[in-house]
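What follows is a single structure, written as structure tokens, with notes after it.
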Amino acid sequence: MPVTRQITLASRPIGLPTDENFTIKEVEVGEVAPGQVGVELVHISVDPYLRGRMNDAKSYVPPFSVGGPIQSGAIARVVSSRAEGIEEGDLLTGIFDWQESQVVNPAGYRKLDATGISPTAYLGILGMPGLTAYAGLFYIADAKEGETIFVSGAAGAVGSAVGQMAKIKGLTVIGSAGGPQKVSRLIELGFDKALDYRGGDIKAQLMDAAPDGIDIYFDNVGGDHLIAALEASNDFARFALCGSISEYNLTERSQGAWNLFRAVQRRIKLQGFIVTDFMDRSRGFYEEVVPWIQEGKLKFDETVVKGFENTPSAFLGLFSGSNTGKMIVTL
Ligand SMILES: NC(=O)c1ccc[n+]([C@@H]2O[C@H](COP(=O)([O-])OP(=O)(O)OC[C@H]3O[C@@H](n4cnc5c(N)ncnc54)[C@H](OP(=O)(O)O)[C@@H]3O)[C@@H](O)[C@H]2O)c1
């Protein structure tokens with residue numbers, strides 16, 4: 002039986018994960034049975050939500066088991082097929098084990114369309130992060146032309162899509178990110194204002210950047226960014242609560258937003274959401290977003306780490322901001 006490399010969760014992280022929480026081991030690759038395909042991973046998506054799956058806690062996705070494979074979105078090439086409609090060389094996308102070669106039932110995967118757009122886009126702008134941005138902006142925050150939006154984590158996969166989609170729809174866009182290079186990139190992408198949260202107090206910067214207030218906050222970061230957005234909000238603002246990456250590795254309970262009462266005073270609507278609730282709207286999303294990409298209105302940055310064995314360090318890099326745009330591992 003041929004063997005392949007698999008990355009497993011060696012132990013549950015406490016606080017910020019480290020390399021020691023991951024192991025690479027060799028496992029056997031099974032036979033391809035009728036209805037199945039053999040695949041080799043080509044690109045792996047590493048995403049902040051995987052951190053939550055490393056805890057032994059009930060959430061909207063079950064935890065990884067210690068000793069078992071990590072899984073995430075990926076693109077794989079079919080190397081042998083015993084399934085109707087799937088041929089060698091086809092590219093499949095969906096959730097795969099972090100395992101170089103594996104056998105799967107293709108019913109759980111999507112064959113990539115020939116849009117002429119790079120396959121890695123299906124892990125970012127045309128994949129889960131892109132749909133997250135679109136759903137949060139239009140279905141949760143109900144974004145409208147002429148409004149002002151603040152998006153945190155704005156240089157990342159979700160945030161950069163949110164800001165550009167909002168610009169396409171005629172909003173004024175303020176983004177925050179860590180460091181001068183990311184802030185410059187946001188301006189190149191068309192953001193009206195970009196704030197470096199590492200360079201000074203985010204609340205003071207936001208109040209200065211939005212003297213007439215914000216109508217929408219798209220929250221990827223939580224913590225001090227959420228507090229700042231509550232202070233800067235207008236009456237009847239909408240907050241799309243997408244993520245809270247500043248809190249994923251806390252070892253003590255979060256202090257929360259001390260000024261949440263602003264939501265009462267200003268009649269703010271705060272709504273959390275999970276992208277998987279919007280999968281049935283994927284078709285409408287593709288129909289609108291694919292032309293934006295093809296026409297050059299919507300750009301997507303990628304940070305590519307090479308080598309299967311570097312997947313854990315690429316994942317860890319999300320928490321120090323080593324990515325601009327979508328963090329991808331290419332095998
Ligand atoms: N609700 C959903 O269905 C859903 C779906 C996808 C993603 N999400 C959430 O959306 C957010 C963005 O995800 P993504 O995939 O697009 O990741 P990403 O933004 O591409 O990567 C993570 C970024 O977070 C920033 N960051 C890390 N630690 C931070 C901290 N302590 N304070 C402020 N910023 C910090 C870093 O950028 P800087 O260099 O700018 O700090 C880093 O590049 C995450 O919170 C994620 O959990 C939610």
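For the sequence shown, this note's numbering gives the first residue as 2, with consecutive numbering after it.
Heads up, the beta-carbon is just placed ideally off N, CA and C, and yes, glycines get one too.
Cβ separation of residue i and residue j, assumed to be a contact under 8 Å, to the nearest whole Å
i, j, result
"ILE150", "VAL174", "6 Å"
"ARG13", "VAL67", "6 Å"
"ASN221", "GLY244", "5 Å"
"LEU92", "LEU113", "4 Å"
"VAL330", "ILE45", "4 Å"
"PRO63", "ASN56", "11 Å between Cβ atoms; not a contact."
"SER314", "ASP20", "7 Å"
"ALA84", "GLY16", "The pair is not a contact, with the Cβ atoms about 43 Å apart (cut-off 8 Å)."
Host beta strand (DSSP E) of residue i (start-end)
i, result
"ALA75", "72 to 82"
"LYS307", "303 to 307"
"GLY176", "173 to 178"
"VAL4", "4 to 10"
"ILE329", "327 to 331"
"LEU196", "194 to 197"
Residue i and residue j closer than 8 Å at C-beta
i, j, result
"TYR249", "ARG52", "yes"
"ILE237", "VAL163", "It is Phe, not Ile, that sits at residue 237 in the sequence shown. No."
"ILE76", "THR312", "no"
"ALA155", "PHE97", "no"
"VAL43", "VAL80", "no"
"ALA144", "LEU172", "yes"
"VAL30", "SER102", "yes"
"LEU298", "ILE126", "It is worth fixing the name first, because residue 298 is Lys in this sequence and not Leu. No."
"LEU187", "ALA178", "yes"
"VAL159", "PRO130", "yes"
"ALA354", "GLN272", "Because the chain here runs from 2 to 332, residue 354 falls outside it and cannot be looked at."
"VAL184", "ALA167", "no"
"GLY69", "LEU10", "yes"
"PHE279", "ALA122", "no"
"GLY128", "GLY176", "no"
"ILE215", "SER234", "yes"
"VAL38", "ILE87", "yes"
"ILE294", "ILE118", "yes"
"ALA108", "ILE217", "no"
"LEU231", "ARG254", "no"
"ILE25", "GLU310", "yes"
Residue-chain proximity (residue i, chain D), Cβ-Cβ < 8 Å
i, result
"PRO130", "Chain labels in this structure do not include chain D; a single protein chain is all it has."
Per-residue burial, residue i [other beta carbons within 10 Å of its own, 16 or more giving buried]
i, result
"TYR275", "It should be noted that the sequence gives Ile, not Tyr, for residue 275. Exposed."
"ARG239", "buried"
"GLU148", "buried"
"MET2", "exposed"
"PHE139", "buried"
"GLY326", "buried"
"THR277", "exposed"
"SER60", "exposed"
"GLN256", "exposed"
"ASP1", "No statement about residue 1 is possible, as the shown extent of the chain runs from 2 to 332 and does not include it."
"SER161", "buried"
"LEU251", "exposed"
"SER323", "exposed"
"GLU303", "buried"
"LEU124", "buried"
"GLN100", "buried"
"ASN22", "buried"
"PHE316", "buried"
"GLN206", "buried"
"ALA58", "exposed"
"VAL105", "buried"
N- and C-terminal bounds of the alpha helix (DSSP H) containing residue i
i, result
"SER314", "312 to 318"
"ILE188", "181 to 189"
#### Entry: 4 or more residues per run - each alpha helix (DSSP H) lying fully within the segment 91 to 158
If we require 4 residues or more, the alpha helix (DSSP H) runs fully inside the segment 91 to 158 come out as 129 to 135.
### Message
Which runs of the beta strand (DSSP E) at least 3 residues long sit entirely within the segment 207 to 289? Give them in chain order.
### Response
215 to 220, 234 to 242, 270 to 273
### Task
Let me know the alpha helix (DSSP H) ranges lying completely inside the segment 17 to 64, each 4 residues or longer, listed in chain order.
At a cut-off of 4 residues, the continuous stretches assigned as alpha helix (DSSP H) that sit fully inside the segment 17 to 64 are 51 to 54.
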